[in-house]
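J.: This is the structure, below, for whatever I ask next.
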Amino acid sequence: MTKVLAITSCPNGIAHTYMAAENLEKAAEEMNIDIKVETQGSIGAENELTASEIEEADAIIIAADKAVEKSRFIGKKLVAAGVQEGIRNPKNLIEKALSDDAPVHKGEGNNKKEKMPTASEGTKQNPIYRHLMNGVSFMVPFIVVGGLLIAIALTIGGVPGEGGIAIPEDSFWKTIESIGGAAFSFMVPILAGYIAYSIADRPGLAPGMIGGFIAANGSFYGSEASAGFLGGIIAGFLAGYVALWIKKIKVPKMVQPIMPIIIIPVFSSLIVGLLFVLLIGAPVAQVFESLTGWLAGMQGTSSILLALILGAMISFDMGGPVNKVAFLFGAAMIGEGNYEIMGPIAVAIAVPPIGLGLATLMFKNKFEQAQQETGKASLAMGFFGITEGAIPFAAQDPLRVIPSIMIGSMTGSVVAMLSNVGDRVAHGGPIVGVLGAVDNVIMFFVAIIIGAIVTAFMINLLRKDVENPVVEDSAVEEAESNNPSAPQSVEQIDKLTDITSVELIDPDIKANDRDGVIDEMIAKLDANDVLTSKQDFRKAILDREAESSTGIGMNVAIPHGKSDAVKVPRVVFGIKRDGVDWHSADDSLAKLVFMIAVPKHAEGDAHLKILQMLSRKLMDDQFREQLLNVRSEEEAYQLLDQIQ
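Numbering (the working numbering), first residue to last: 95 to 738.
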């Protein structure tokens, strides 16, 4: 029997992933073809393909709108398409994969996670930034390990002297310091290597790391100073694109197997190495030495200006591209022994989440109960240097929150800069001070406190009082204990009716457009005391729709939102008899609408399992027809009870 393997995946990994899998399985059954589908959804990979199954397969299908690892399919017929193709034209995909014209996956540079074509291709991330951040993500652990080990060694084993704190040569802590120094020595080669890896995959890794090693050692090009992280970045991009260019050269078939392991790495390494030794290294080293010297000599107004810029960049997008550029700058300076750039950055990293958490404690009249709970989590994340703890607040009220945290971070950064606060590890938050990685640690904590207080008072100044009063936790617990229909936790959900009820079913929706249907269903949630704020949840729903339509086709739409405005997980089901335009992939009108409401704090695997089962069940034509024919809430509930 013919055997086909498939992988389905979509960016959100909730509905389309499982719908494509279901349709491929149905089509294969009709065609008398044996198929196994691995789904890569929000809950991770399920039904994973084994090496023996891949070996026996006649063809591979990838229906995905996100990166999928292909290296395991080398030598197999492989057809790749968007996830919608798996939903709409599964038979065509299977036929194409089994045809004689199907391409065989060779793995020459294709064995990386490749991005599938999507409708939003025009808004994809800048490739230069993506490659750079890939290198940074692999570099940071080396800086953290090296910085912490050196800081611990100096704190415990250091002895004050004329030149500052030093560790005796015969001390055990000198060994610890040396291990930390070894970790630092990998910084630039790792940065360059994984930039090149992002561009050209495995063939680019060796030339990138070799180029980075040369960049970090001025002796190769007759310079006392190295080219530093600037040289590492240049070496990484140069190695990656040289390797990519060599990979595109047509060679005889007998040479192809050794291209990725011998030809490409060797020639790329030679080209990059010689360019650095003969042409690039010395000028870049001179520029980097000048930059490092300028930064080290900054005083007064110029240092304040730098602190303001770094503080604003860190808090502007809270872990986004602007944040990462400032972070990279500070991390690179650690490698050059300039810790007083990372110091203000470490403060700015912690200020947004701590400041917002502090605001929820100081000014409770400005926040709803759910936001106050989020504030507690934000405080904890701030302690560990996770700026993203501020994102829930910024997403709900960007015009007030973002300026507040930027001003707070800028203030804290200036205090840190003027106090000569230094950070020896590429991380921020009070945790690095507790671990002994910060110079002038008292002013480090003072700077964070000042920045957080400024943020909190800015929030108080800009935000209006909330309309609904805050309910104490004890009152909420009492209300839930007295309510026999109170929902189970997300982990206890076994079927769809665990998170819906007769009161949350509308067999005759009145609205005549998508937004009207959304409002009508949100009103049902609100009437059943599921929401703390209709407006906030509506924003979450519409933000999700803006990413891509939740109209999945076949007259079905599954709008869903995750928001702090949701008290408990709930599903609303409604029927619009004549349908509304939901911009569905197959242009069908949405008649069966399932609205999923999930609280931020209750996201979990069990809930995603329910979404998976819902998506699969809705592939059943007969089941959809039965739902369309129901006339009462009770009748619909009985059908929904089958989804488990």
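The beta carbon of each residue, even a glycine, is placed where N, CA and C say it ideally should be.
All values reported here derive from a predicted model rather than from experimental measurement.
Considering R224, what are the terminal residues of the alpha helix (DSSP H) in which it resides?
T.: P221 to G251 is the extent of the alpha helix (DSSP H) around R224.
J.: What is the rounded straight-line gap between the Cα of S642 and the Cα of E150?
T.: Cα to Cα, S642 sits roughly 37 Å from E150.
J.: Here's the rule: buried if 16 or more other CB atoms are within 10 angstroms of the residue's CB, otherwise exposed. What is N126?
T.: Looking at its Cβ environment, which holds fewer than 16 other Cβ atoms inside 10 Å, N126 is exposed.
J.: Tell me I155's beta-bridge partners as DSSP assigns them.
T.: Note: I155 sits in a beta bridge opposite A100 and V173.
J.: Report the three-state DSSP secondary structure of R664 (helix, strand or coil).
T.: Strand, per DSSP.
J.: Rounding to the nearest angstrom, what Cα-Cα distance links L636 and V660 in this structure?
T.: Roughly 15 Å separates the two Cα atoms.
J.: With burial defined as no fewer than 16 other Cβ atoms inside 10 Å of the residue's Cβ, what is the status of Y223: buried or exposed?
T.: So Y223 counts as exposed.
J.: Using the C-alpha atoms, what's the distance from G523 back to E719?
T.: The straight-line gap from Cα to Cα measures roughly 56 Å.
J.: Check whether the region 316–335 touches the region 422–442, counting contact only when three or more Cβ pairs, one atom from each stretch, lie closer than 8 Å.
T.: Short answer: they touch.
J.: Got a sec, what are the start and stop residues for the alpha helix (DSSP H) V540 sits in?
T.: First-last of the alpha helix (DSSP H) with V540: V535 to L556.
J.: Distance, Cα to Cα, I188 vs L118?
T.: Going from the Cα of I188 to the Cα of L118 covers about 8 Å.
J.: If you run the structure through DSSP and keep just helix, strand and coil, what is R518?
T.: Note: R518 maps to coil in three-state DSSP.
J.: Measure from the C-beta of K341 to each C-beta in chain B and report whether the shortest distance is under 8 Å.
T.: No chain B is present in this structure, which holds just one protein chain.
J.: Can you give, in chain order, each stretch of the alpha helix (DSSP H) that sits fully within the region 386–474 and has at least 4 residues?
T.: Within the region 386–474, the complete alpha helix (DSSP H) runs of at least 4 residues are 394–410, 415–429 and 436–456.
J.: Across the region 544–552 and the region 498–513, are there enough close Cβ pairs to call them in contact, namely three or more that are closer than 8 Å?
T.: Enough Cβ pairs lie closer than 8 Å, so yes.
J.: By the DSSP assignment, the alpha helix (DSSP H) with V528 in it spans what residues?
T.: Unbroken alpha helix (DSSP H) run through V528: P524 to V528.
J.: For P197 and R166, what's the separation of their Cα atoms in angstroms?
T.: Roughly 15 Å between the two C-alpha positions.
J.: Determine the DSSP secondary structure at V611, reduced to helix, strand or coil.
T.: Helix.
J.: According to the neighbour-count rule (16 or more other Cβ atoms, all chains shown, within 10 Å of its Cβ), is V349 buried or exposed?
T.: By the 10 Å Cβ count, V349 comes out exposed.
J.: Use the C-beta contact count for A671: other C-beta atoms within 10 angstroms, 16 or more gives buried, fewer gives exposed.
T.: Correcting the residue type first, residue 671 is Arg in the shown sequence and not Ala. That one is exposed.
J.: Hey, could you find the ends of the alpha helix (DSSP H) L364 is sitting in?
T.: Here the alpha helix (DSSP H) through L364 covers I358 to L369.
J.: By the three-class DSSP mapping on this structure, what secondary structure does A651 have?
T.: DSSP places A651 in strand when its eight states are reduced to three.
J.: Shortest alpha-carbon distance to G240 belongs to which of F280, V230 and D264?
T.: Ranking the options by Cα distance to G240, first place goes to F280.
J.: For a quick check, are the C-beta atoms of D658 and Q380 less than 8 Å apart?
T.: No; because the gap between Cβ atoms is not below 8 Å, this pair is not in contact.
J.: Return the residue from the list V238, F266 and P235 that minimises the CA-CA distance to I250.
T.: Per the Cα distances, F266.
J.: Looking at K796: is its Cβ nearer than 8 Å to the Cβ of D152?
T.: Only positions 95 to 738 of the chain appear in this structure, which leaves residue 796 out of reach.
J.: Please name the residue or residues paired with A691 in a DSSP beta bridge.
T.: In the DSSP output, where bridge partners are listed per residue, A691 has G655 and R664.
J.: Enumerate in chain order the residues of its own chain whose CB-to-CB distance from K656 is below 7 Å, with the five nearest sequence positions on each side excluded.
T.: Same-chain partners within the cutoff: A634, V692, K694 and E697.
J.: Can you tell me whether L455 is buried or exposed? The criterion is at least 16 other CB atoms within 10 Å of its CB, across all chains shown.
T.: Looking at its Cβ environment, which holds fewer than 16 other Cβ atoms inside 10 Å, L455 is exposed.
J.: Using the three-state DSSP reduction, which class does T144 fall into: helix, strand or coil?
T.: The answer is coil: DSSP assigns T144 none of H, G, I, E or B.
J.: Under the three-state reduction of DSSP, which class applies to L600: helix, strand or coil?
T.: It is Asp, not Leu, that sits at residue 600 in the sequence shown. DSSP places D600 in strand when its eight states are reduced to three.
J.: L493 and T591: beta carbons closer than 8 Å?
T.: Not closer than 8 Å, so no.
J.: What is the DSSP secondary structure of E189, counted as helix, strand or coil?
T.: It is helical.
J.: Just how far apart, CA to CA, sit F487 and I340?
T.: For F487 and I340, the distance between alpha carbons rounds to 48 Å.
J.: Leaving out the 5 sequence neighbours to the left and right, which residues in its chain are closer than 7 Å to T644 when beta-carbon positions are compared?
T.: Only R638, A651, I652, P653 and H654 meet the Cβ criterion.
J.: List the residues that DSSP assigns as beta-bridge partners of I129.
T.: I129 pairs with V98.
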